[in-house]
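Colleague:
Protein chains: 2
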Amino acid sequence: MNVTIYDVAREANVSMATVSRVVNGNPNVKPATRKKVLKTIEELGYRPNAVARGLASKRTTTVGVIIPDISNMFFSELARGIDDIANMYKYNIILSNSDQNIDKEIKLINTMLEKQVDGIVYMGSRLTDEHLKEFKTSPVPIVLAATIEPTNAIPSVNIDYEEAGYEATKLLIDNGHTKLAFVTGLDETTANKAKHQGFVQALEEIELTVDQTNVFRGDLSYQSGLKAVESLFDQTEKPTAIFAASDEIALGVIHGIQDLGLNVPADVEVIGFDNTRLAMMIRPTLSTVVQPVYDIGAVAMRLLTKYMNKEEVEESNVILPHQIIKRSSTK
Amino acid sequence: MNVTIYDVAREANVSMATVSRVVNGNPNVKPATRKKVLKTIEELGYRPNAVARGLASKRTTTVGVIIPDISNMFFSELARGIDDIANMYKYNIILSNSDQNIDKEIKLINTMLEKQVDGIVYMGSRLTDEHLKEFKTSPVPIVLAATIEPTNAIPSVNIDYEEAGYEATKLLIDNGHTKLAFVTGLDETTANKAKHQGFVQALEEIELTVDQTNVFRGDLSYQSGLKAVESLFDQTEKPTAIFAASDEIALGVIHGIQDLGLNVPADVEVIGFDNTRLAMMIRPTLSTVVQPVYDIGAVAMRLLTKYMNKEEVEESNVILPHQIIKRSSTK
DNA sequence: TTGAAAGCGCTAACAG
DNA sequence: CTGTTAGCGCTTTCAA
Chain C
104 MNVTIYDVAR EANVSMATVS RVVNGNPNVK PATRKKVLKT IEELGYRPNA
154 VARGLASKRT TTVGVIIPDI SNMFFSELAR GIDDIANMYK YNIILSNSDQ
204 NIDKEIKLIN TMLEKQVDGI VYMGSRLTDE HLKEFKTSPV PIVLAATIEP
254 TNAIPSVNID YEEAGYEATK LLIDNGHTKL AFVTGLDETT ANKAKHQGFV
304 QALEEIELTV DQTNVFRGDL SYQSGLKAVE SLFDQTEKPT AIFAASDEIA
354 LGVIHGIQDL GLNVPADVEV IGFDNTRLAM MIRPTLSTVV QPVYDIGAVA
404 MRLLTKYMNK EEVEESNVIL PHQIIKRSST K
Chain F
104 MNVTIYDVAR EANVSMATVS RVVNGNPNVK PATRKKVLKT IEELGYRPNA
154 VARGLASKRT TTVGVIIPDI SNMFFSELAR GIDDIANMYK YNIILSNSDQ
204 NIDKEIKLIN TMLEKQVDGI VYMGSRLTDE HLKEFKTSPV PIVLAATIEP
254 TNAIPSVNID YEEAGYEATK LLIDNGHTKL AFVTGLDETT ANKAKHQGFV
304 QALEEIELTV DQTNVFRGDL SYQSGLKAVE SLFDQTEKPT AIFAASDEIA
354 LGVIHGIQDL GLNVPADVEV IGFDNTRLAM MIRPTLSTVV QPVYDIGAVA
404 MRLLTKYMNK EEVEESNVIL PHQIIKRSST K
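Keeping their order, the protein sequence lines are chains C and F.
104 is the number of the first residue of the first sequence in the numbering used here; add one for each residue after it.
104 is the number of the first residue of the second sequence in the numbering used here; add one for each residue after it.
1) Looking at C:ILE197: is its Cβ nearer than 8 Å to the Cβ of F:ASN190?
2) Let's see if you can read the secondary structure: which residues bound the alpha helix (DSSP H) around F:LEU141?
3) Scan the segment 144–218 of chain C and note each continuous alpha helix (DSSP H) run of 4 residues or more that stays entirely inside, going in chain order.
4) Relative to the C-alpha of F:LEU389, which candidate in F:GLU415, F:SER419, F:PHE346 has its C-alpha closest?
5) Would you kindly report the start and end of the unbroken beta strand (DSSP E) that includes C:ASN420?
6) Between F:ALA344 and F:GLU372, how many whole angstroms is the CB-CB distance? I'm expecting something under 8 Å.
7) Relative to the alpha-carbon of F:LYS193, which residue among C:ASN127, C:LYS207, C:GLN203 has its alpha-carbon at the smallest distance?
8) By the three-class DSSP mapping on this structure, what secondary structure does F:PHE238 have?
9) Give the straight-line distance between the Cα atoms of C:VAL450 and F:ARG156, rounded to the nearest whole angstrom.
10) So what does DSSP say about C:VAL246, is it helix, strand or coil?
11) Whole angstroms are fine: how far does the CA of F:HIS234 sit from the CA of F:ILE209?
12) By the criterion of Cβ-Cβ separation under 7 Å, what are the contact partners of F:GLY375 in chain C?
13) May I ask which residues mark the beginning and end of the alpha helix (DSSP H) holding C:PHE302?
14) Quick check on the DSSP output: what are the complete beta strand (DSSP E) runs of length 3 or more inside the segment 305–384 of chain C, in order along the chain?
15) In three-state DSSP terms, what is C:GLY288?
16) Distance check for C:TYR149 and C:ILE357, CA to CA, integer angstroms please.
17) Kindly indicate if chain C contains any beta-carbon less than 8 Å away from that of F:GLN315.
18) Which residue comes first and which comes last in the alpha helix (DSSP H) that contains C:GLY222?
19) Give the straight-line distance between the Cα atoms of C:VAL246 and C:GLU237, rounded to the nearest whole angstrom.
20) In or out: F:THR391 buried (at least 16 other Cβ within 10 Å) or exposed?
21) Classify F:ASN261 as buried or exposed, calling it buried when 16 or more other Cβ atoms lie within 10 Å of its own Cβ.
22) So if I threshold CB-CB distances at 7 Å, which residues from the segment 217–237 of chain F count as touching chain C?
23) What does DSSP give as the partner residue(s) for F:ASN261 in the beta ladder?
24) In terms of DSSP beta bridges, what is F:THR391 paired with?
25) DSSP three-state label for F:LEU283, please.
26) Quick one: what's got a C-beta closer than 8 Å to C:ILE399's C-beta in the same chain, skipping five residues either side?
27) Mapping DSSP to helix, strand and coil, what is F:ILE108?
28) Rounded to the nearest angstrom, how far is the Cβ of C:GLU330 from that of C:LYS282, given a contact under 8 Å?
29) Is the Cβ-Cβ distance between F:THR433 and F:ASN317 less than 8 Å?
30) Quick one: Cα of F:ASP221 to Cα of F:VAL243, how far?
31) Along the chain, where does the alpha helix (DSSP H) that runs through C:ARG405 open and close?
32) When the Cα atoms are used, what is the spatial distance from F:MET176 to C:ALA284?
33) Are the Cβ atoms of C:LEU354 and C:LEU335 separated by less than 8 Å?
34) Would F:ASP370 pass as an interface residue toward chain C - the criterion being a Cβ-Cβ separation below 8 Å?
35) Over what stretch of residues does the alpha helix (DSSP H) that includes F:SER123 continue unbroken?
36) C:ASP350 and C:ASN378 look like a contact to me (Cβ under 8 Å); what is the Cβ gap, rounded to whole Å?
Spelled out as structure tokens, the structure:
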């Protein structure tokens, strides 16, 4: 068997309570005693059992993270922000991919709750009533990161997607375009819907009609961007400016346009969304909406720590600032 | 307080042992009893406490994953493979970023061991004696993924990096080049060292001298690829073919070359490594060494499950096949 | 097929 | 400053 707190106590001629105190840095221990205990901990190679501690103290210092797909750059960057802050506050992270599958998401929430996580950071979309019920009845705090719950009933960290979509479109319009297109993923995801609304709003402002031929719905992949161009340029009304819902899509769009023998930005201007590292990995470099992805993760985790410590929080639905960075894919 | 197994037992008029049995799917329960218990579990909204279970059973069904940087595409893809297989075997994952920092790596191993993980998947490089000591004295199995331990004393899953490096270089040589360069990350990382050795071996085979001007060491980023070109083409002996240690570096290299007004592959041929999704996200599309990243993670996790179940394993140091895929950045 | 009881290793009053 | 003593919620013999 492994060496336990009890072995240390016996060997050091103190009670296990004392050992527990020095392990937990409780100041109520005489320095000499502390030193003696530390020494025998070292000798015996004692390693505290966090599971036992968790059971006794009802705190596991681990938080659950539910994420659509860690292999997607956007989410892995988010996850990095979460882990860094978690680490800073001495938490560990149980990370699970949901693939946006509702059943799996619900199951994951329950598994994590069974494992007695102290809190959960949730990323996803299409929040159903079942999701909300789980969130609301959860015994531990839950914070949404980069995922929108329209009624703001659950703490969250986001940017203003609609405003960002509006601004991106506006930039294209201000450059003189009247034939705009929006390339997005499945529209159920609320963030993309908000971007879409921003797009529509900007067009309506100059009394441009928005019909389905202006919008291409695929997934969030590079390939989907390629396909979008195929479809969009197969029409009589070819767009001269494209707003893509993610950088990866935007890369696909730009390459698709180039494959057609057209020039970006001379013939077609393109603007992306997220400002992942991809934005610099293309020629022309990509103009895009800067979404502070890492920060969203970091702030969400920070917010969660406040709830876990039962601290006062002023704003439970944080909106982080975004900006537009103009590079070479727009004029 | 939360509802416990004891509450269920009382409410269902059985002992907690029986409840435990039905929760754990133990067949020695009369169907009628099982049904009754299940019903009151439902009514009471009982959720088993995995921490208590872990303490009593000494199995937590969670494994630790130590990873250099989840926001790096290569590793996030690996992590995805790990999580998918973990999930398949009902394990959860505690994921932590190490940034290749030795102290942090050691600390993480200990934290995870304290949390009583059933096993660990480790990714990193520069394995010190301290690492090996931790690995060897660990009370639970550890598997290395995409990280090389020269003596093969620890179970691992890799590809043959040296052979792959050799083949990539050979392809360039066979295309008639004599001025080759290798762009890599910090050379301490053993996988990159192996690639380097393959590069050297291929050159020596045709009696080409290898000196430092042929090799550029930076980090594994796109920016570093850009810098490499700057440096390499600032010499009198400019390379006509470049082998990059990662796809991300290769993208930087290609763009750097293009920024110089040169053409890829006409003036300079480039081959990458990994075959991440980036390889398709560039023009010309990138020829590269296909490293089955996802599979490395998946196989590593699978191997770990075998150790955790104390199954027989035939080969503890798995070498997965690699291949070279020719796209448009080489002739 | 079921129950009783002894822990798993630690924290947290409480008492001294 | 230190020790005693209950648990935390569950698994797991051992009996019945």
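Glycine included, every Cβ here is placed at the ideal spot set by N, Cα and C.
Modeller: A quick look at the data gives this:
1) no
2) 134–147
3) 153–160, 176–191, 205–217
4) F:PHE346
5) 420–423
6) 5 Å
7) C:LYS207
8) helix
9) This structure does not reach residue 450 of chain C, given that chain C is present from 104 up to 434, and the question cannot be answered.
10) strand
11) 7 Å
12) Per Cβ cutoff of 7 Å: no residues; F:GLY375 is ~13 Å from chain C at best.
13) 293–308
14) 318–320, 344–347, 372–377
15) coil
16) 58 Å
17) no
18) Taken as a continuous stretch (DSSP letters only), C:GLY222 belongs to no alpha helix (DSSP H), being part of the beta strand (DSSP E) at 222–225.
19) 12 Å
20) buried
21) buried
22) GLU217, LYS218, GLN219
23) F:ILE422
24) F:GLY375, F:ILE428
25) strand
26) LEU181, GLY184, ALA248, ALA249, VAL260, ASN261, ILE262, LEU423
27) helix
28) Reading off the sequence shown, one finds Lys at residue 330 of chain C, where the question assumed Glu. Not a contact, Cβ separation roughly 19 Å.
29) no
30) 6 Å
31) 396–411
32) 29 Å
33) no
34) no
35) 119–126
36) 7 Å
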